Structure formats: C-alpha cells, structure tokens
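Comments concern the structure below.
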Amino acid sequence: MDYIQPFNRILLVGCNECVTVCSAGGRKEVGLLSSALQSAFLSAGKSIDIKEHTLERQCDPEYVEELVGMMDGVDAVVSMACGCGVQEVARRYKNKPVFPAVNTKFMGASERQGVWAERCQGCGNCLLGITGGICPIARCSKQLMNGPCGGSTNGKCEISKEVDCAWQLIWDRLKMLGQEERYLDIIPAKDWRTAGGGGPRKIVREDLAG
Amino acid sequence: MKTNSILEKVLANGNLAVTSECGPPRGAVPEKVKEKGQLLAGFVDAVNVTDNQTAMVRMSSLGASILLRQMGLNPLLQMVTRDRNRLAMQSEILSAYAHGIDTMLCLSGDHPHFGDHPMAASVHDIDSIQLIQMVKTMRDEGRFQGGAEIENPPKMFIGAAANPFADPFELRVMRLAKKVAAGVDFIQTQCIYNIEKFETWMEGVRNRGLHEKCYILAGVTPMKSAGMARYMKNKVPGMDVPDAVVARMAAKPKEEQAQEGVDICIETIQRLSQVKGVAGFHIMAIEWEKIVPQIVERAGLLPRPQVA
Ligand code: SF4
Ligand code: SF4
Numbered sequence: 001m002d003y004i005q006p007f008n009r010i011l012l013v014g015c016n017e018c019v020t021v022c023s024a025g026g027r028k029e030v031g032l033l034s035s036a037l038q039s040a041f042l043s044a045g046k047s048i049d050i051k052e053h054t055l056e057r058q059c060d061p062e063y064v065e066e067l068v069g070m071m072d073g074v075d076a077v078v079s080m081a082c083g084c085g086v087q088e089v090a091r092r093y094k095n096k097p098v099f100p101a102v103n104t105k106f107m108g109a110s111e112r113q114g115v116w117a118e119r120c121q122g123c124g125n126c127l128l129g130i131t132g133g134i135c136p137i138a139r140c141s142k143q144l145m146n147g148p149c150g151g152s153t154n155g156k157c158e159i160s161k162e163v164d165c166a167w168q169l170i171w172d173r174l175k176m177l178g179q180e181e182r183y184l185d186i187i188p189a190k191d192w193r194t195a196g197g198g199g200p201r202k203i204v205r206e207d208l209a210g
Numbered sequence: 001m002k003t004n005s006i007l008e009k010v011l012a013n014g015n016l017a018v019t020s021e022c023g024p025p026r027g028a029v030p031e032k033v034k035e036k037g038q039l040l041a042g043f044v045d046a047v048n049v050t051d052n053q054t055a056m057v058r059m060s061s062l063g064a065s066i067l068l069r070q071m072g073l074n075p076l077l078q079m080v081t082r083d084r085n086r087l088a089m090q091s092e093i094l095s096a097y098a099h100g101i102d103t104m105l106c107l108s109g110d111h112p113h114f115g116d117h118p119m120a121a122s123v124h125d126i127d128s129i130q131l132i133q134m135v136k137t138m139r140d141e142g143r144f145q146g147g148a149e150i151e152n153p154p155k156m157f158i159g160a161a162a163n164p165f166a167d168p169f170e171l172r173v174m175r176l177a178k179k180v181a182a183g184v185d186f187i188q189t190q191c192i193y194n195i196e197k198f199e200t201w202m203e204g205v206r207n208r209g210l211h212e213k214c215y216i217l218a219g220v221t222p223m224k225s226a227g228m229a230r231y232m233k234n235k236v237p238g239m240d241v242p243d244a245v246v247a248r249m250a251a252k253p254k255e256e257q258a259q260e261g262v263d264i265c266i267e268t269i270q271r272l273s274q275v276k277g278v279a280g281f282h283i284m285a286i287e288w289e290k291i292v293p294q295i296v297e298r299a300g301l302l303p304r305p306q307v308a
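Top to bottom, those sequences are chains A and B.
Take the first sequence: its letter number 175 is residue 175 in our numbering, and every next letter is one higher.
Take the second sequence: its letter number 93 is residue 93 in our numbering, and every next letter is one higher.
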C-alpha cells in the first residue's frame, strides 16, 4: 500500500500461469486484492480507481502487449505475477511505475493442499541424476553437495523439525534404488556461473529464436 | 611427513595426541585469547580456534590463531564454509600459513538460524568435503582451486569433523570414507557420551580400514551440571547423551556436579584409549579451559611429547 499511496489510477495485473496454480496472483486473487485495496484506501479517506486484468502469461511479451490499450488511463501498475512477470511488464511499459504485489520466494511444488515447498533453485547444472532425484542445493539448508551434516536428526534438518533433511531423503532413495555406493562419489566444487555467478543469465535457443 | 605440523609429528610417532579448543571473544580483546592460551600451554599439542561457532560473531579464527601462534602455541585454524567463498578461504589459508599456522579443520558450520544473525545470507560456495579437496590441492599440487600456481604453497595438515551420532547412522562411516577419499589427514569427532554407539561406529571405520588412512581423535566435553547434560541431550542437534549419563549427573548435589562431569570425562578417555583406531583426544571444555590441565593429567596423558 505504501508503494501505491501516491497514485490514483492503478492497473492491477494478474497472471494465469504458475501464480494461479499456487493461489498467489491469478484472476481470483486479483479480484480479492483489488477490493481489499479499495476498502483500505476508502477508510483512509482516499478513493482509488483500480482496473483489473489477468494475462495468460506475464513473462511473455506477446501477452504483455495486451495491456497497451489500458496503459493510458492509469498512473501505475501493480503486478501479481512472479518476479519475471513484473520485470517483463516494466520492460515493455517504460514510463509507468510497476510494483510487485507478490514476494517471489522460490520455485517449488505442492506438498499438499495449501502447502508449497522449495524444490529447485535453478542452478543451471542439475545434480538430480546423481542425488537420487532430490536436490541438495534447494533442499539442504547448507547446500551440502556431499552431505549430510552432523545435525541431521530423525530425518529432520537441524534448523527445524518442520524441515526434512535432504540428505536423509537422498540416502533413503539411493537405498531404494540399490545405489548406496553412489554416495561415495565426491561431487566436486560447483561451477556457479550457470547459477547466476556469471552475471544475469539468459537462454538462447537458436532454433526457436530464429 | 606431509607438513611441519607438530600435531602430525605427535601422531606419526604413535603418541596419543591431545587437542583442546579456544573460542575467540565477542569483542576486540586479545587478552582473553592470551588468557585461554596460557591455561592450555604445555598440556595440549594443538589448540582449535573456532570460527564464529554457533553462528555468533566473534574475533576471527585467523586473528585469534595468530595471537596464539605469537605466544608459541600451535593453533589449529577452524574454517567454516558458511561465511566465505573459495576466494576468501584460499586467501585466508595463505595468510595463516604466512603466520606459521600449519594445521586446520574444514567444516560446514552451524546454520545462521542458531546464531545472533539469523538474517544473514549463508555462502556455502563449497562444502566441507570440497574444502578438504581444495586445501589438499593447494598443498600437494601447489595450485589454487582455479588452477593457477601458488608461490610457496601452504602445507596444511588437514582435519575435519565427524559425528558418529547423527542420522542416518548407517551413512556415518561412509561419510568418513568420503572425507578420507577427499584427502583428510585427521578427524576430530563430536563429543562422545554414548560409548557403545561410538564403538559400533569405530568397528565400521576399521572394517573399511579408514583408521589406517587418517588419525581419529575422539571428542570429549566435561559437563558442568545436570542442567547442561539435559540441554545437550535435548537441544543440541546431533548430540547423543544417554539417560544414564544425565541420571548420574543429577544424582549428585549441585556443588558436586562439575566434579562428576570431570570424572565422567576422564573415565571416557581411559575407556576410549583401549579402542583400536583411536589416535588421541579432542577435549572441548566450552568456556571452561581452566579444567583442561586437570583432565589431561588425571587421564594419564602427561607429559606431552616434545617433538620438533
Ligand atoms: S541441482 Fe540445480 S537445477 Fe537441479 S534441482 Fe537442484 S537447483 Fe534445480
Ligand atoms: S540436517 Fe540435512 S538438510 Fe539440514 S543442513 Fe544438515 S544435511 Fe542439510
């Protein structure tokens, strides 16, 4: 709310992809946030004009283009997409301030109804093939590639009883696969360039990019 | 001999080695480091200097190690992968060696969650096993991890930790095997209270012949009170304190509990001296350094061998 305080006409943009699935920024949440904002501003003695729109995909310029007609009538855009979507809107509409409505935390999967957990950090050099299909980068609290540390207790991570120890999971899985000796292979120091250590990342597929 | 480390010489001569530790102060107070050093001088072969242990900010391990080195002690530089990337670690190893520090311990470190800066970003560029590999490459090949040659490579005697009590238990021997394969020279274990479980672990270690490939120093910590025993049992991850030990402490009146803790510690050392493959002891008397001389003496580990 602090972000948009100075503006009168807001365009609130949702996204129909991942954030819809995880109930953070789809059409439904756009409606909810819009009415919550309106009533909050109203009780603060300010009226605000919020236009709502939900795009098929906010990280794709083709869809972001749809907003062209709406831009003239607004002072600012609030995006309910992940960080990629917010940045795509900002890139396309350079003269409009764009604010994120969602704090993108991680790329995860649904554990059960209403619970999402981190699964992948997009390190760009996937180890899943040698770690029994469980990611030590995103799921071990210390990113240990040759773990487990000395704090692993009853299958849980030393930081909390709510967090599974990734290395216990890896070990259980290696056992199930009959690959216990695989654990002895030392995973060498990682080259983090593919994980962002080499500067902002980009993927170019010559066949698709033309 | 791979290095000039006194600890390596003591171990190579077949003596039971003794190490202890010094936690640096939470302030720029060199006197406190020197005070602890003074208490330990002559009673141990090397002094571990912890590296922001329990993720609390302290004087750096390197800084405090240099102070101890200047007093003529043999500091054992601890290094965690939590706080530095590989550039910072390698440069610190060069600095340490330039100051005559030739023994170190490679650790991943406690999670910041436990310390006074839970908001800090952890680095974990490399893990403890990869750190062992890196220090070994620096020593044996005279190269940085990135491949370039080092002028006067640091010859470090390389240590690591092992916790025989953490889960999954069946992986614990293999984890040591991995450290040995990475090039570790010696191991200091987590504090041992559950002797049976430690012996089971050692059996696994001997079955793989690991005790012949690295020196294993058994970790012990004297307990000051029954309260401390309960705390370690329930609150410290990866610590195994059997009920019988807690009960034994609690059976004594408060003012005799510290002495009981020391007795348990000495009995543990004596019993573990008989275990094949145990090459020495690491006595971690946390903020109780002054008790170390008594333990070393009563356990029959004096005088310390003179090697040069
Ligand atoms: S190893 Fe890297 S790419 Fe593979 S799941 Fe983990 S973070 Fe993602
Ligand atoms: S307990 Fe397991 S998940 Fe947690 S830091 Fe240690 S190895 Fe990683």
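Note that CB positions come from ideal geometry on N, CA and C, so glycine has one too.
Remember, predicted model here, so these are calculated numbers, not experimental data.
C-alpha distance - residue i paired with residue j, whole-angstrom precision
i, j, result
"His111 of chain B", "His117 of chain B", "10 Å"
"Lys202 of chain A", "Phe106 of chain A", "19 Å"
"Trp116 of chain A", "Gly108 of chain A", "6 Å"
"Trp192 of chain A", "Glu88 of chain A", "25 Å"
"Cys22 of chain B", "Thr20 of chain A", "54 Å"
"Ala24 of chain A", "Ser79 of chain A", "11 Å"
"Gly146 of chain B", "Val262 of chain B", "47 Å"
"Glu8 of chain B", "Glu289 of chain B", "23 Å"
"Gly159 of chain B", "Val180 of chain B", "10 Å"
"Ser203 of chain B", "Lys178 of chain B", "The sequence shown places Glu at residue 203 of chain B, not Ser. So the two alpha carbons sit approximately 17 Å from each other."
"Ala279 of chain B", "Ser20 of chain B", "15 Å"
"Asp167 of chain B", "Asp164 of chain A", "12 Å"
"Leu128 of chain A", "Met174 of chain B", "20 Å"
"Asn125 of chain A", "Ala195 of chain A", "8 Å"
"Gly85 of chain A", "Ser35 of chain A", "22 Å"
"Lys175 of chain A", "Leu184 of chain A", "13 Å"
"Ser122 of chain B", "Val80 of chain B", "11 Å"
"Pro24 of chain B", "Met59 of chain B", "5 Å"
"Glu255 of chain B", "Glu287 of chain B", "18 Å"
Amino acids of chain A, ordered along the chain, whose beta-carbon sits closer than 7 Å to that of residue i
i, result
"His113 of chain B", "Ile159"
"Met174 of chain B", "Tyr183 and Leu184"
Status (buried if at least 16 other CB within 10 Å, exposed otherwise) for residue i
i, result
"Val204 of chain A", "exposed"
"Arg112 of chain A", "exposed"
"Val135 of chain B", "buried"
"Ala285 of chain B", "buried"
"Cys106 of chain B", "buried"
"Glu170 of chain B", "exposed"
"Arg9 of chain A", "exposed"
"Cys15 of chain A", "buried"
"Asn95 of chain A", "exposed"
"Val241 of chain B", "buried"
"Leu144 of chain A", "buried"
"Lys36 of chain B", "buried"
"Pro303 of chain B", "exposed"
Distance cut-off 7 Å: residue i Cβ against heavy atoms of ligand 3
i, result
"Gly45 of chain A", "Ligands in the displayed structure: ligand 1 and ligand 2; ligand 3 is not one of them."
Neighbour list for residue i in chain B, Cβ cutoff strictly below 8 Å
i, result
"Trp116 of chain A", "Under the 8 Å cutoff, chain B gives no residues; its nearest Cβ is about 21 Å from Trp116 of chain A."
"Thr153 of chain A", "Ala166, Asp167, Pro237 and Gly238"
Reduced DSSP category for residue i - H, G, I as helix; E, B as strand; rest coil
i, result
"Thr54 of chain B", "helix"
"Ala182 of chain B", "helix"
"Trp288 of chain B", "coil"
"Tyr93 of chain A", "coil"
"Ile126 of chain B", "coil"
"Pro237 of chain B", "coil"
"Phe7 of chain A", "coil"
"Ile187 of chain B", "strand"
"Ser60 of chain B", "coil"
"Glu203 of chain B", "helix"
"Arg139 of chain B", "helix"
"Pro100 of chain A", "strand"
"Lys252 of chain B", "coil"
"Tyr193 of chain B", "coil"
Under 9 Å by beta carbon: chain A residues contacting residue i
i, result
"Ser122 of chain B", "Ser141, Lys142 and Gln143"
Under 8 Å by beta carbon: chain A residues contacting residue i
i, result
"Ser225 of chain B", "Per Cβ cutoff of 8 Å: no residues; Ser225 of chain B is ~23 Å from chain A at best."
"Arg86 of chain B", "Ala189"
7 Å Cβ cut-off: residues of chain B touching residue i
i, result
"Cys149 of chain A", "Ser108"
Where residue i meets chain B, residues with beta-carbon distance less than 9 Å
i, result
"Gln121 of chain A", "The premise fails here: Gln121 of chain A is roughly 12 Å from chain B at the closest Cβ pair, so nothing lies under 9 Å."
"Asn146 of chain A", "Asp127, Ser128, Ile129, Gln130, Arg175, Lys178, Lys179 and Ala182"
"Gln168 of chain A", "Asp167, Pro168 and Leu171"
> Residues in the region 180–201 of chain A with C-beta within 9 Å of chain B's C-beta atoms, listed in sequence order?
Replying inline: Glu180, Glu181, Tyr183, Leu184, Asp185, Ile186, Ile187, Pro188, Ala189, Lys190, Trp192 and Gly197
>> Output needed in chain order: residues of the region 124–146 of chain B with a Cβ under 8 Å from some Cβ in chain A.
In response: His124, Asp125, Ile126, Asp127, Ser128, Ile129, Gln130, Gln133, Met134 and Gln145
>> Output needed in chain order: residues of the region 148–167 of chain B with a Cβ under 7 Å from some Cβ in chain A.
In response: Ala161, Asn163, Ala166 and Asp167
>> To be precise: take each residue of the region 178–204 of chain B, compare its Cβ to all Cβ atoms of chain A, and keep it if any distance is under 9 Å. Which residues remain?
In response: Lys178, Lys179, Ala181, Ala182 and Gln190
>> Under 8 Å, CB to CB, which of the residues in the region 79–100 of chain A have a partner in chain B?
In response: none
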